[in-house]
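A.B. asks: Quick note: the sequence shown uses this note's numbering, first residue 2, plus one each step.
Idealized CB from N, CA, C, for every residue including glycine.
These numbers were taken from a predicted model, which means no experiment stands behind them.
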Amino acid sequence: MLESVMKAWWDSSHMAGGNAAYIEELYEAYLDDPKSVSEQWREIFDQLPKVNGVELESKHSEIREQFRAMAQMGPMSRVSAAPAGSSASDLKQVKVLQLINAYRFRGHQHANLDPLGLWKQERVRDLEPSHHELNESDFDTIFNVGSYAIGQETMPLGELFKSLNRTYCGSVGAEYMHITNTEQKRWLQQRFESVQAQPTLSRDTKVGILKGLVAADGMEKYLGSKFPGAKRFSLEGGDALIPMLKNLISHAGSNGAKEVVVGMAHRGRLNVLVNVLGKNPSVLFDEFAGKHDESLGSGDVKYHAGYSSDFATPGGNVHLAMAFNPSHLEIVNPVVIGSVRARLDRRDCKDGSAVLPVTIHGDAAIAGQGVVQETFNMSQTRGFAVGGTVRIVINNQVGFTTSKIEDARSTQYCTDIAKMVQAPIFHVNADDPEAVIFVTNLAIDYRNTFKRDVVIDLVCYRRHGHNEADEPSVTQPLMYKKVKKHPVARQLYADQLMAEGIIEKHEVEKLVSDYRAALDHGACVVDEWRPMTEHSVDWSPFIGHDWDTEYDGALSLDKLKELGERICHFPEEFALNSRVKKLYQDRAAMIAGDKKLDWGCAELLAYASIVDRGSRIRICGQDSGRGTFFHRHAVLHNQEDGQTYMPLQHVSDEQGPIEIYDSVLSEEAVMAFEYGYSTAEPGCLTVWEAQFGDFSNGAQVVIDQFLSSGEHKWGRLCGLTLLLPHGYEGQGPEHSSARLERFLQLCADHNWQICVPSTPAQVYNMLRRQMVRPMRRPLIVMSPKSLLRHAQATSSLEELAEGQFKNVIGEIDDMDAKKVKRVVMCSGKVFYDLLDQRRKNEQDDVAIIRIEQLYPFPHDEIAEVLKPYQHVKDWVWCQEEPQNQGAWYCSQHHFYAAIPQGTKLTYAGRSASASPAVGYVSLHNQQQKALVEDALSIKK
Ligand code: AMP
2 MLESVMKAWW DSSHMAGGNA AYIEELYEAY LDDPKSVSEQ WREIFDQLPK
52 VNGVELESKH SEIREQFRAM AQMGPMSRVS AAPAGSSASD LKQVKVLQLI
102 NAYRFRGHQH ANLDPLGLWK QERVRDLEPS HHELNESDFD TIFNVGSYAI
152 GQETMPLGEL FKSLNRTYCG SVGAEYMHIT NTEQKRWLQQ RFESVQAQPT
202 LSRDTKVGIL KGLVAADGME KYLGSKFPGA KRFSLEGGDA LIPMLKNLIS
252 HAGSNGAKEV VVGMAHRGRL NVLVNVLGKN PSVLFDEFAG KHDESLGSGD
302 VKYHAGYSSD FATPGGNVHL AMAFNPSHLE IVNPVVIGSV RARLDRRDCK
352 DGSAVLPVTI HGDAAIAGQG VVQETFNMSQ TRGFAVGGTV RIVINNQVGF
402 TTSKIEDARS TQYCTDIAKM VQAPIFHVNA DDPEAVIFVT NLAIDYRNTF
452 KRDVVIDLVC YRRHGHNEAD EPSVTQPLMY KKVKKHPVAR QLYADQLMAE
502 GIIEKHEVEK LVSDYRAALD HGACVVDEWR PMTEHSVDWS PFIGHDWDTE
552 YDGALSLDKL KELGERICHF PEEFALNSRV KKLYQDRAAM IAGDKKLDWG
602 CAELLAYASI VDRGSRIRIC GQDSGRGTFF HRHAVLHNQE DGQTYMPLQH
652 VSDEQGPIEI YDSVLSEEAV MAFEYGYSTA EPGCLTVWEA QFGDFSNGAQ
702 VVIDQFLSSG EHKWGRLCGL TLLLPHGYEG QGPEHSSARL ERFLQLCADH
752 NWQICVPSTP AQVYNMLRRQ MVRPMRRPLI VMSPKSLLRH AQATSSLEEL
802 AEGQFKNVIG EIDDMDAKKV KRVVMCSGKV FYDLLDQRRK NEQDDVAIIR
852 IEQLYPFPHD EIAEVLKPYQ HVKDWVWCQE EPQNQGAWYC SQHHFYAAIP
902 QGTKLTYAGR SASASPAVGY VSLHNQQQKA LVEDALSIKK
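#1: Using a Cβ-Cβ cutoff of less than 7 Å, which residues in the same chain neighbour E29 once the five nearest sequence positions on both sides are dropped?
#2: Leaving out five residues before and five after G733 in sequence, what residues of the same chain have Cβ atoms less than 7 Å from its Cβ?
#3: Output the boundary residues of the alpha helix (DSSP H) element that contains G209.
#4: Distance, Cα to Cα, Q771 vs K562?
#5: As an exercise, report each continuous alpha helix (DSSP H) stretch of at least 4 residues that is fully enclosed by the region 760-822, in chain order.
#6: Please output, in chain order, the residues near the ligand AMP using a CB cut-off of less than 5 Å to any non-hydrogen atom of the ligand.
#7: In angstroms, rounded to a whole number, what distance separates the CA positions of M178 and F106?
#8: Would a C-beta distance cut-off of 9 Å place V422 and D446 closer than the cut-off?
#9: Would you give the residue range spanned by the beta strand (DSSP E) that K905 belongs to?
#10: Rank S138, Q793 and M767 by C-alpha distance to the C-alpha of Q805 and give the top, closest one.
#11: Note down the Cα distance separating L211 from V95, rounded to an integer number of angstroms.
#12: Considering only DSSP beta bridges, list what S310 is partnered with.
#13: For G363, which residues does DSSP report across the bridge?
#14: So the beta strand (DSSP E) R851 belongs to, where does it begin and stop?
#15: List the endpoints of the continuous beta strand (DSSP E) containing P282.
#16: By DSSP, does N145 sit in helix, in strand, or in coil?
#17: Suppose contacts are defined by Cβ-Cβ distances below 9 Å. Is V933 in contact with E853 by that definition?
#18: Enumerate in chain order the residues of its own chain whose CB-to-CB distance from S923 is below 8 Å, with the five nearest sequence positions on each side excluded.
#19: Counting pairs of beta carbons, one from the region 300-310 and one from the region 243-253, are three or more of them closer than 8 Å?
#20: For H751, tell me which candidate among V429, S784 and G298 has the shortest Cα-Cα distance.
#21: In angstroms with no decimal places, state the Cα-to-Cα distance between Q99 and E26.
#22: At 4 residues or longer, what runs of the alpha helix (DSSP H) sit wholly inside the region 139-189?
#23: Is the number of C-beta pairs between the region 259-278 and the region 367-382 that are closer than 8 Å three or more?
#24: Please name the residue or residues paired with W530 in a DSSP beta bridge.
#25: Between K714 and Q381, what straight-line distance do the alpha-carbon atoms span, to the nearest angstrom?
#26: Put Y678 into one of helix, strand or coil per three-state DSSP.
#27: At which residues does the beta strand (DSSP E) containing W689 begin and terminate?
#28: Find out if the Cβ-Cβ distance for the pair V809, I863 is shorter than 9 Å.
#29: Check the DSSP bridge columns for N430 and list the partner residues they point to.
#30: Comparing C-alpha positions only, which one of G213, D139 and E134 sits nearest to V509?
#31: Between G829, R204, W753 and V825, which has its C-alpha nearest K897's C-alpha?
#32: If you check the beta carbons only, do G910 and Q927 fall under 9 Å apart?
#33: G622 and D663 - do their beta-carbons sit closer together than 9 Å?
#34: Can you check whether the C-beta of S541 is within less than 9 Å of a C-beta belonging to chain C?
#35: Would you call the CB atoms of K259 and D352 closer than 9 Å?
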């Protein structure tokens, strides 16, 4: 509507053909203060169309957008920028405003960002007054500065030009004009322009910065001399990170943050651990010397280690947590953000103010790794938002040996990906630590004000190779010629402070020698370090428990019925879709005992019982509210107004919270987020659900690097549950297998549980066990598809009430064990195919046993179930998956251990195949029939 009104106005106006960018700038000034533009312009803007005769007050941003759109439509003649009859001074005034605009848009391209001075900056003509037909003779003329937030309405052009250069072309390059929200843009302009991007710092702050640089440099020099040649991925070149982080925590703490969670890769990590988090240097030195904590399983290299401490700030102590990190770059970021979300939820903090995520990136990685995009995309969504993340790039201008922009990325800056969420980006020269502090405070304030992501691109260099044993001159000869001669940041800043008369040479020398002495002494070197207090959750109830820990999962039938009634209840006036209504009616009949329970009903009862005991639940997946296969319907959608209702949120007044989110279409970042969430919150049943099980391979790095090995490497417990739909139903290669074999291959040290529940009672008890038992280990579930509605896959309320997940289920038909000549073992859906066929065959010589937990393998339970069959010589493992997949190869040793010695175990299943499943339904049916027959037919 507005678009067509504006277009009509534009076409009929004498402004058509004018330069909309100039006019937009004037319009901005007019909005600020109508008197700031000439009367002629004021008259024009006063005529701006009203939408439906309504005041346009709330539509100004749209008008601005229209100016932009029209600028692209019409000719962009700068000479016709003003209405006919404008005076020469009006014309100049327009050009002055255009100059201001140009600096806001492109000043960063002339900023002094590279400490090595190697960047070849392209000439940006828009930043030259002559480009705007202004010249030195205009420098004394006083112009209105429009919305330029310098604190005065007018200025001589010469002064304005200097001020613009100071603000936008100094040590900070600000990119924010891609933000469409005017309030945010104005806010940033105010913060930059009012102080010309120059902070006023107290003497103490300056000395504090110097101390940080002394520590950063001192630490690396110390490690370099004590452990020459040892890999430490030194921070040198990016030394400003240390005062920057300390300042960031302090500023965040002063503004309400109670916790800061940091994720970073290896570069500079040891330095941050010691100089910011206060890790005891002697512990680090011991690690260099090869000593390690015996209590940690297999351990990890020291530059992957996490750490926790408290840090004193003017606003009180802030808890710091550095996340453990694998070598796979950028993957820790969604983990950190998930951990932050858990901490915020625990504090019931909805706006993100209490916990700050800080992610530290490499320049090559932030541009190169796709998970960065996924994480940005999640940043403002309901299920994943944390009120903004402060993202810092340690931009050392080289990725291992790849330095040239033409090899490393396709954009000028490594940070362009952040523009997808319109995050402001502050490029800053790391050799100007005061500018670094300026943008750091700005970033925190922006994040706190607008609850959005913000990026600091700390442009630095790397003094050594990728690691200290590397020779960087081989691949970066020119850069390293420069690096070798380049003074360290500590020296540069000390010189500056000495020149300013803030500190004497001997005081600087004392700072350096005191720091070295502190390292020699081996005690904590961070003044603000404090021992951890109650900020963190207590993990001790979950430590030392294994999967065979006893627990009481039983609930009375009455309680189950009461919960069942709650999950079937929704407001009377709530208009349900007819299919969903029928499903809810069926559920009510199940709870009333008129029908046996199906999968969806039992699963929801599990959730209801968990929130009823006060625990939290978070379920996330691409279709989790409804369920990919239309079975769950935990979130109801009113057919009349689109409102949603979740019966599980109305189980009782004292219940725990439950959140179910349909997630962004990502596996990697989302699973990593959920991993982070569950490693920070043992009191939550955290569930990630794949749309189809095999899509979890998009998150393989999370499975390999975190889920399967995190406890063993880092001692970090995690109770994340993965629901991975799995089953051979003729849907083709991509929708049949959750790649069970991959999970089984990663099993060792009781690292996780792999379950294939086959009944509603089993899914109910499996989910409850995951919360009720005080063990927190990942649960990988091959969850069903066709069983969700299978006539025989039903359970009674009594079976649910028993309260124990059966790791093994014995023969269910009333058979004489003595007649059994063969025992078929299997997992999952194929059981029903086998059962059905055996009943059709009226066979009584084959028993069918279900193994519902494939890992940890339930040796004792299976021994109990197999007792009646010790005479049997013929044993079969039956699976739907091809022979090289499924459980056959990975679990065979367990099957052999379960059957009597000297007996034969054979395989009944599909032949080995490169593809998980065939694409043709007819072939699928043929294979399925054959494998069932093969399992049941005893050769005479
Ligand atoms: P954090 O809040 O992450 O700094 O954690 C504080 C302390 O809680 C850590 O130092 C650990 O002792 C413990 N902790 C945190 N997360 C876990 C976990 N996932 N598993 C076991 N212990 C943990």
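C.D. replies: Let me spell this out:
#1: G147 and S148
#2: A918 and G920
#3: R204 to K227
#4: 22 Å
#5: 761-773 and 798-802
#6: S309, A322, S537, W540, T680, R717 and L718
#7: 6 Å
#8: no
#9: K905 to R911
#10: Of the candidates S138, Q793 and M767, the one whose C-alpha sits nearest the C-alpha of Q805 is M767.
#11: Those two C-alpha atoms are separated by around 44 Å.
#12: L321
#13: I395
#14: V847 to I852
#15: Careful: P282 lies outside any beta strand (DSSP E), inside the alpha helix (DSSP H) at P282 to F289.
#16: In the structure shown, N145 adopts extended strand secondary structure according to DSSP, grouped into three states.
#17: no
#18: Nothing meets the Cβ criterion.
#19: no
#20: Restricting attention to V429, S784 and G298, the CA atom closest to the CA of H751 is found in G298.
#21: Straight-line Cα distance between these residues: approximately 7 Å.
#22: 158-169
#23: The region 259-278 is not in contact with the region 367-382.
#24: Bridge partners of W530: F312.
#25: 32 Å
#26: Assignment of Y678 by DSSP, reduced to helix, strand and coil, places it in the helix class.
#27: C685 to E690
#28: Closer than 9 Å, so yes.
#29: N430 pairs with V460.
#30: G213
#31: The sequence as given places Tyr at residue 897; Lys does not occur at that position. Out of G829, R204, W753 and V825, V825 has the C-alpha closest to the C-alpha of Y897.
#32: no
#33: yes
#34: Annotation note: the requested chain C is absent from the structure, which comprises a single protein chain.
#35: no
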